[in-house]
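Peer 1: Structure in structure tokens, see below.
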Amino acid sequence: MDISLARIDYAPYDLNPPHIHPRGTKLITCLKGKLYVGFVLSNPGPNMKNKLLTKILKPGDVFVFPIGMIHFQLNVGKTKAVAMSGLSSQDAGVITIANAVFGSDPPINPYVLTKAFQVEKKVVDYLQSQFWWDNN
């Protein structure tokens, strides 16, 4: 059938950090709690910014993340949240943005990252020194 389904349990204030699924569209349904979800549109036209689309999901609400768009989910409640997620591929893949950019091996040259993110080298050095294997 070429689809995937997963249950996601979120602790209070838990985050599924910004990530992409390069080979699948994702649909998420909130079953319990409240989730702040969103994605960023890419490649805007001239003189435009990348638009962030968000929603607070309550039980029964559904949200769709288009294929390849950077997206996230955050439990904004004081209690556990639960969601069901469906992907349009059995191999949608996942790339967690911070892990890929700041946790690569070997590291991306800090000069590249200081230019790309317009920050000082000490910020890049700090971010590259973190343990990026865990999303939490």
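Residue 1 is where the sequence shown starts when you use UniProt numbering, and the numbers rise one by one after that.
We treat Cβ as the ideally placed atom computed from N, Cα and C, and that holds for glycine.
In this text the structure is predicted, and so the values were computed from the model without any measurement.
(1) Quick check: what's the CA-CA separation for residue 90 versus residue 68?
(2) Report the three-state DSSP secondary structure of residue 19 (helix, strand or coil).
(3) Is the beta carbon of residue 28 less than 8 Å from the beta carbon of residue 98?
(4) Alpha carbons only, please: which of 115, 87 and 103 is nearest the one belonging to residue 5?
(5) Buried or exposed: where does residue 92 fall if 16 or more other Cβ atoms within 10 Å of its Cβ makes it buried?
(6) Run through DSSP, which three-state label would residue 95 get?
(7) Answer with buried or exposed for residue 81, where buried requires no fewer than 16 other C-beta atoms within 10 angstroms of its C-beta.
(8) Pair every Cβ in the segment 15-28 with every Cβ in the segment 55-70, then say whether three or more of these pairs are closer than 8 Å.
(9) What are the boundary residues of the beta strand (DSSP E) that residue 141 is part of?
(10) Is the separation between the beta-carbon of residue 37 and that of residue 52 shorter than 8 Å?
(11) With distance defined between alpha-carbon atoms, name the residue in 117, 13, 102 and 103 nearest to residue 78.
(12) Given this structure, state the Cα-to-Cα distance separating residue 21 from residue 73, to the nearest angstrom.
(13) Leaving out five residues before and five after residue 94 in sequence, what residues of the same chain have Cβ atoms less than 8 Å from its Cβ?
(14) By Cβ distance, which residues of its chain are closer than 7 Å to residue 125, with the 5 residues on each side in sequence left out?
Peer 2: Walking through what the data contain:
(1) Taking the sequence shown and counting its residues from 1, one reaches residue 90 at position 90. Taking the sequence shown and counting its residues from 1, one reaches residue 68 at position 68. Rounded to the nearest angstrom, the two C-alpha atoms are 15 Å apart.
(2) Residue mapping note: residue 19 aligns to position 19 of the sequence shown, counting from 1. Residue state, collapsed to three classes: strand.
(3) In the sequence shown, residue 28 corresponds to position 28, counting from 1. In the sequence shown, residue 98 corresponds to position 98, counting from 1. No, Cβ-Cβ distance for residue 28 and residue 98 is not below 8 Å.
(4) For the purposes of this step, residue 5 is identified with residue 5 of the sequence shown, where counting begins at 1. For residue 5, the nearest C-alpha among the options comes from 87.
(5) For the purposes of this step, residue 92 is identified with residue 92 of the sequence shown, where counting begins at 1. Buried, by the Cβ-count rule.
(6) Position 95 of the sequence shown, counted from the start, is the residue given in the question as residue 95. Correct three-state label for residue 95: strand.
(7) Taking the sequence shown and counting its residues from 1, one reaches residue 81 at position 81. That one is buried.
(8) yes
(9) Because the chain in this structure spans residues 1 to 136, residue 141 falls outside the shown range and cannot be described.
(10) By 1-based counting over the sequence shown, the position of residue 37 is 37. By 1-based counting over the sequence shown, the position of residue 52 is 52. No, these two residues do not count as a Cβ contact at 8 Å.
(11) Looking up residue 78 in the sequence shown gives position 78. When each option's Cα is compared against that of residue 78, the closest is 13.
(12) Here residue 21 is taken as the residue at index 21 of the sequence shown, counted from 1. Here residue 73 is taken as the residue at index 73 of the sequence shown, counted from 1. Taking the straight line joining both Cα atoms gives about 14 Å.
(13) Taking the sequence shown and counting its residues from 1, one reaches residue 94 at position 94. Excluding residues within five positions, the ones whose Cβ falls inside 8 Å are 19, 20 and 21.
(14) Taking the first residue of the sequence shown as position 1, residue 125 is located at position 125. Closer than 7 Å at Cβ, skipping near neighbours: 110.
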